[in-house]
Ligand SMILES: Cc1cc2nc3c(=O)[nH]c(=O)nc-3n(C[C@H](O)[C@H](O)[C@H](O)COP(=O)(O)OP(=O)(O)OC[C@H]3O[C@@H](n4cnc5c(N)ncnc54)[C@H](O)[C@@H]3O)c2cc1C
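Residue numbers (my numbering): 170 to 412.
The following block contains the structure:
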């Protein structure tokens, strides 16, 4: 029942030029690639790219996963463009790269990959995650038909990190603020999803972000709420690493 589409990008890597870097919020920056090399990608917003960025210590580049926030073949420059939104979470090769990168530099990546699409037949949709999941949530909500019933829960640092959820549909959006607490240390999403009254009918739940948090919520939904596992998509996006 999980929506599938036969989409997988080419395996060879793509190198594209950074055209713009835009700070969306204090902790989120958008990198726009514009390049003829993007023309054949057939990327769909919400898919994943494996990007290669300089390591902070070693000499070889390291790979990190990021979401295609937008992809257009016909933007103003008449060249294909692709947007990715980076959480500036602290020290990490990808966050550092996004903080430092300037227009004119290049980025190498592999992909896109990922087959998830919101099911237009579902009676309702629930999207939940932290700020790393926000680009995918924005992309998926924008795909919903205007009459869709959608609930959105996003954990962010504070009110300054809230962003518009675009699209024709008007979801019920709940922003959960950490207000000074570190990412991956709260039960804000757990508490919200324990309390949510799931609408009647056959719904779809998409959940991503801090890996232990989404695993806990997955267990709750399956074991205590008897959610049908075929209607649930859960992906861990990151975890805290010991220093
Ligand atoms: C399919 C997929 C799609 C993703 N899409 C996006 C996206 O669109 N935008 C986005 O910002 N992220 C996204 N992520 C998450 C991103 O890949 C991770 O946050 C990644 O670890 C960041 O790499 P880094 O090099 O900056 O830090 P790393 O080298 O991986 O980690 C360095 C340190 O930072 C910590 N850390 C990593 N991420 C975070 C965080 N978000 N908050 C707090 N501490 C953190 C780690 O625990 C570690 O201690 C996605 C992940 C997946 C799997």
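Backbone N, C-alpha and C fix where the C-beta goes; we use that ideal spot for every residue, glycine too.
| query | Is residue 380 helix, strand or coil by DSSP? | reply | As a first step, residue 380 must be located in the chain shown, where it is residue number 211. Helix, per DSSP.
| message | Rounded to the nearest angstrom, what separates residue 301 and residue 186 at their Cα positions? | response | Along the chain shown, one-based indexing puts residue 301 at 132. Along the chain shown, one-based indexing puts residue 186 at 17. In a straight line, the C-alpha of residue 301 is about 23 Å away from that of residue 186.
| request: Look at the alpha carbon of residue 382 and the alpha carbon of residue 281, and state the distance between them as a whole number of angstroms. | output: As a first step, residue 382 is located in the chain shown; it is residue number 213 there, counting from the start. As a first step, residue 281 is located in the chain shown; it is residue number 112 there, counting from the start. Taken atom to atom, the span from the alpha-carbon of residue 382 to that of residue 281 is near 26 Å.
| Given residue 365, which residues of its chain have a CB within under 8 Å of its CB, disregarding the five upstream and five downstream residues? | Residue 365 sits at position 196 when you count from the first residue of the chain shown. The residues are 295, 320, 322.
| Closest by CA to residue 367, which one among 341, 352, 357? | Translated into positions along the chain shown, residue 367 becomes position 198. Of 341, 352, 357, the residue nearest in Cα terms is 341.
| said: Quick check on this structure: which residue in 188, 263, 298 has the alpha carbon closest to the alpha carbon of residue 346? | reply: Within the chain shown, residue 346 is the residue found at index 177, counting from 1. When each option's Cα is compared against that of residue 346, the closest is 298.
| query | To the nearest angstrom, how far is it from the Cα of residue 410 to the Cα of residue 261? | reply | For the purposes of this step, residue 410 is identified with residue 241 of the chain shown, where counting begins at 1. For the purposes of this step, residue 261 is identified with residue 92 of the chain shown, where counting begins at 1. Straight-line Cα distance between these residues: approximately 11 Å.
| field | Ordered list of alpha helix (DSSP H) runs contained in the region 180-261, each at least 4 residues | value | none
| With burial defined as no fewer than 16 other Cβ atoms inside 10 Å of the residue's Cβ, what is the status of residue 290: buried or exposed? | On the chain shown, residue 290 is found 121 positions in, with the first residue counted as 1. Residue 290 sits exposed, since fewer than 16 C-beta atoms from the chains shown fall within 10 Å of its C-beta.
| task | Go through the region 266-324 residue by residue and report every complete run of the alpha helix (DSSP H) that reaches 4 residues or more, in order. | result | Here the runs fully enclosed are 303-312.
| query | Thinking C-beta only, is residue 207 closer than 8 Å to residue 236? | reply | For the purposes of this step, residue 236 is taken as the residue at position 67 of the chain shown. For the purposes of this step, residue 207 is taken as the residue at position 38 of the chain shown. Result no, Cβ atoms of residue 236 and residue 207 do not sit closer than 8 Å.
| query | Alpha carbon to alpha carbon, what distance is there between residue 286 and residue 373? | reply | Residue numbering aside, residue 373 sits at position 204 when the chain shown is read from its first letter. Residue numbering aside, residue 286 sits at position 117 when the chain shown is read from its first letter. The straight-line gap separating the alpha-carbon atoms of residue 373 and residue 286 is approximately 11 Å.
| message | Let's see if you can read the secondary structure: which residues bound the alpha helix (DSSP H) around residue 395? | response | As a position in the chain shown, residue 395 is number 226, starting the count at 1. That residue, residue 395, is in no alpha helix (DSSP H); it is neither H nor E in DSSP.
| Expressed to the nearest angstrom, what Euclidean distance is found between the alpha-carbon atoms of residue 203 and residue 189? | Taking the chain shown and counting its residues from 1, one reaches residue 203 at position 34. Taking the chain shown and counting its residues from 1, one reaches residue 189 at position 20. When rounded, the distance between both Cα atoms is 9 Å.
| request: Mind checking which residues open and close the alpha helix (DSSP H) that includes residue 341? | output: The residue labelled residue 341 in the question sits at position 172 within the chain shown. Run containing residue 341: none in the alpha helix (DSSP H); it sits in the beta strand (DSSP E), 341-346.
| request: Could you tell me the boundaries of the alpha helix (DSSP H) in which residue 360 lies? | output: What you label residue 360 is simply residue 191 of the chain shown in a count that begins at 1. Its alpha helix (DSSP H) spans residues 357-364.
| task | Enumerate in chain order the residues of its own chain whose CB-to-CB distance from residue 193 is below 6 Å, with the five nearest sequence positions on each side excluded. | result | Sequence index remark: in the chain shown, residue 193 carries index 24 (1-based). Closer than 6 Å at the Cβ level, and outside the excluded window around residue 193, lie 199.
| Coarse secondary structure for residue 177, derived from DSSP in three states | Numbered from its first residue, the chain shown carries residue 177 at position 8. Because residue 177 sits at a pLDDT of 43, beneath the cut-off of 50, its placement in the model cannot be relied upon, and the point is left open.
| task | Count the other C-beta atoms from every protein chain shown that fall within 10 angstroms of the C-beta of residue 226, then say buried if there are 16 or more, exposed otherwise. | result | What you label residue 226 is simply residue 57 of the chain shown in a count that begins at 1. Exposed is the call here.
| Nearest-angstrom Cα separation, counted from residue 284 out to residue 392 | As a position in the chain shown, residue 392 is number 223, starting the count at 1. As a position in the chain shown, residue 284 is number 115, starting the count at 1. One C-alpha to the other measures close to 26 Å.
| task | Find out if the Cβ-Cβ distance for the pair residue 338, residue 317 is shorter than 8 Å. | result | Translated into the one-based positions of the chain shown, residue 338 becomes position 169. Translated into the one-based positions of the chain shown, residue 317 becomes position 148. Closer than 8 Å, so yes.
| task | Kindly give me the distance between the Cβ atoms of residue 212 and residue 305, rounded to whole angstroms, as I take these residues to be in contact under 8 Å. | result | Mapped onto the chain shown, residue 212 falls at position 43. Mapped onto the chain shown, residue 305 falls at position 136. That pair is no contact at about 13 Å.
| query | Looking at residue 277 and ligand 1, is the gap between the Cβ and the nearest heavy atom below 7 Å? | reply | Here residue 277 refers to the residue found at position 108 when the chain shown is read from its first residue. Not so, every heavy atom of ligand 1 lies at least 7 Å from the Cβ.
| field | Reduced DSSP category for residue 386 - H, G, I as helix; E, B as strand; rest coil | value | If you number the chain shown from 1, residue 386 lands on position 217. DSSP, read as helix, strand or coil, puts residue 386 in helix.
| task | Let me know the secondary structure DSSP gives residue 328 once reduced to three states. | result | Against the chain shown, residue 328 aligns to sequence position 159. Correct three-state label for residue 328: helix.
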